[in-house]
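What follows is a short report on a single structure.
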């Protein structure tokens, strides 16, 4: 830089004594040619920049269109919402129906439970009576108790009948109330339908208003875009005018500019490195997840779980059908009951199918929720990135404004210097005119001043040589000035682009905010719908379980009735067998009786045991004498009514109780003995009256004996029934256990099969949608081909975008040729650089305008055009600074070069 400054100062000092003959036609033509070349270079640079911006804007447009296509439309969301509301209303109606049926069934169950409790009470009472009867040895002492218990049983029976009548009345009342409640429910449903219609109308109005509002917003956005375009055109015109006005700049400003550019490029490189690292980490994470999922899929395919599951599903469906047919065949029901059973089974299958559909919808809604949450997070990230970019752009704008101010200052200083240079130019012009006048005078005085002319000729030759050297220096200075002007134009273009990008970013920011708000509203609506669906599904599951329980109970009751019939038949058969056994026993007993009679007759004939009988006779005679004496004494006492009663063991007279004869006694010291006389109070009745009373008492005793016999028979029958019922209950418990286990197993299998069926149906629906989309694409492509053929027959091009596609194809061909050239260069040179190529080498070339655009950016350098084609430092002594991207000298390859692999080239997106 110091060498350049010294050379420029020398050129300026020599310009003060500028030679004659500067205003020639060749010099003017040279100036025009140089100006034209400079303008051409600027125009080419602007063209390249505009093409680059157009391609970047097209890419952004494609990205935005893809994002817009990914976003769910409002019409689809509204249709989904309507379908969900319809399904919810249908589920509610079914739930109300099922709730009414469950209420009726619960009432019947309560009534049956009460009847069973009463029967159990009667059973317990009967058991207690049996125990009392078995304990009591004498029947007459318990007659009163049995009478009381029979009265109690009759009272209980009356109470049971009374309760039965009351329950029937209450049942009728409840039925009337249920009818009133159903009428009220129908009224509420009609009102809800009206309200839903009103809400749909309001939603339609709101949708129309929203569409109008969006149309107005689009019109406003279009107007804003037009205004921005007009402002851009105005700024471009102003920039062109400023480009025409500004032509020179200083070296110091150029140095400051390059230092600032270097700092900006360093910042950008650091930011790009950070972004690249984050992108690499995200790519690694996604690759890991994809690889894990791929490995899981391969493991599933290798183990063959897919085919096994399908086989199990088919086998389970076949087993379920067989079990249903076996159940229908085993039950031995009537045709009506069989139809009811089949209808109930079909209803269960339909409920399972509806539940599967609801689960699929729930899974799809959860997937939509996850997608929306992911999109919201992505939008928030983009928003943060846009904010960071906005702050960076503001900082860059401030730095560029400072640079602009410095350029304005340098421009003012250059204008002042230009004015000074113009004064010098006018002075030189005056001196040239004076020289011409002196030359004319010298021509007149040729003969006199010949020697002076020779001296002047020599001086002119010297001045011409100096002129050539100065012309070369001026050309170099002009080229440097043109470069500085081109850099200034580039900076201004970048400033205008940044202003446009800032406005676009602000608009995108507002759009992103609106989209985020809409998506949040959609997410809240979907969460509410999911909660409602979950509640509906839980209610449906409860209804299904209650129906299944009722079915099991009905089946159990049916099985119990069948078992009762079988037990009654078995008891009848057993009774007939026992009757036959008893008849056989009677016959055998008759035979035994005849044998005993025969043996007694034989024993009477035989007199072997006479002595024993005589001794017994003597002992019995002695006892008879003692008894006769005792009887005589008793007779004597019985004859005399006033004789005392004697104890049978001791023979002592029996004393009376003092408590009984307290009223008769006056002296407590007197001992009174019992006599046979019992003085009766009242009148002595006649024999006829006594006989009548005795007959009445006998009749009562006979009737009570009849009742006791009947009760005994009832107790025996109740015991038999109780034993039978206990056996039936035990048998029913075992059967119920086995049936419950089987039903639970079948429920599990049915649930698994329903899940698999739902999964397969979901897959089928997905495949159907993809097939439908592919068919639509095929139809669109066919219509497009027909239109192309018609246009070609008419003599027009097949499409409007053919020219652009041809240009793309040409670009691809050029790119492929460049890639082939690069691969050849790599084979020769064996190296590759990812850095952008620089437009110039170390030193200035003769033809800068041609060599600066020979190689496009991001291409490998040619081996032939590296340093050999450049000019040597002897011919051109002025160097050009490179800033942050200075070239370096490569080192010699080390011994460890084999450990470094060559970088793999990424495919270019076409």
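In UniProt numbering, the protein residues as written are 1 to 910.
The beta-carbon is built from N, C-alpha and C at its ideal position, and this holds for glycine as well.
Remember, predicted model here, so these are calculated numbers, not experimental data.
query	result
Distance CB(residue 340)-CB(residue 519) smaller than 7 Å	no
Residue 447, DSSP secondary structure in three states	coil
Residues of its chain near residue 788, where Cβ-Cβ distance is below 6 Å and the 5 sequence neighbours each way are ignored	798
contact_flag[the segment 549-560, the segment 408-421] where n(CB pairs < 8 Å) is 3 or more	no
Cβ-Cβ distance between residue 526 and residue 369 below 7 Å	yes
Neighbourhood of residue 516 by C-beta distance below 7 Å, restricted to the same chain and skipping five residues each side	376 and 379
Residue 750: first and last residue of the uninterrupted alpha helix (DSSP H) it sits in	687-793
Status (buried if at least 16 other CB within 10 Å, exposed otherwise) for residue 6	exposed
Neighbour-count burial assignment, residue 536, 16 or more Cβ in a 10 Å radius	buried
Same chain, Cβ closer than 6 Å to residue 475, five either side skipped, listed in chain order	none
When 111, 720, 57 and 345 are compared against residue 567, the one with the closest alpha-carbon	720
Residue 351 burial status per 10 Å Cβ neighbour count (16 or more: buried)	buried
6 Å Cβ shell around residue 81 - same chain, five flanking residues per side excluded	none
For residue 796, three-class secondary structure by DSSP	coil
When 479, 314 and 43 are compared against residue 490, the one with the closest alpha-carbon	43
Segment contact flag, the segment 716-732 with the segment 315-326, C-beta cutoff 8 Å, min 3 pairs	no
Option nearest residue 203 by Cα separation, candidates 494, 79 and 34	79
Validate contact between the segment 746-756 and the segment 351-362 using beta carbons, cut 8 Å, 3 pairs	yes
Rounded straight-line distance, which links the Cα of residue 612 to that of residue 628	24 Å
Residue from 76, 423, 35 and 47 whose Cα sits closest to the Cα of residue 493	47
Residue 874 burial status per 10 Å Cβ neighbour count (16 or more: buried)	In this predicted model, residue 874 has a pLDDT of only 37, less than 50, meaning its place in the structure is not dependable enough to derive any value.
Residue 700 beta carbon near the ligand ZN (any heavy atom closer than 6 Å)	With respect to the ligand ZN, the structure offers nothing, as it holds no ligand at all.
Rounded straight-line distance, which links the Cα of residue 545 to that of residue 99	12 Å
Inter-residue Cα distance where the pair is residue 429 and residue 813	59 Å
Coil, strand or helix - residue 801 by DSSP	coil
Anticipated Cβ contact below 8 Å, residue 362 with residue 84, distance rounded	Wrong, their Cβ atoms sit about 11 Å apart, outside the cutoff.
Spatial distance of residue 590 from residue 573 (CA atoms)	26 Å
Exposed unless 16 or more other CB atoms sit within 10 angstroms - verdict on residue 543	buried
Alpha-carbon to alpha-carbon, residue 467 and residue 431	17 Å
Cβ pair residue 732, residue 560 closer than 7 Å	yes
Distance between residue 29 and residue 850 (C-alpha atoms, nearest Å)	Any reading at residue 850 needs caution, since the residue's pLDDT is 38, under 50, leaving its predicted position unreliable; the model's value is listed next. Rounded to whole angstroms, residue 850 to residue 29 spans 21 Å at the Cα level.
Under 7 Å between C-beta atoms of residue 383 and residue 512	yes
Straight-line Cα distance separating residue 540 from residue 195	25 Å
Exposure label - residue 3; buried when at least 16 CB within 10 Å	exposed
Nearest candidate by alpha-carbon position, reference residue 758, set 265, 359, 86 and 76	359
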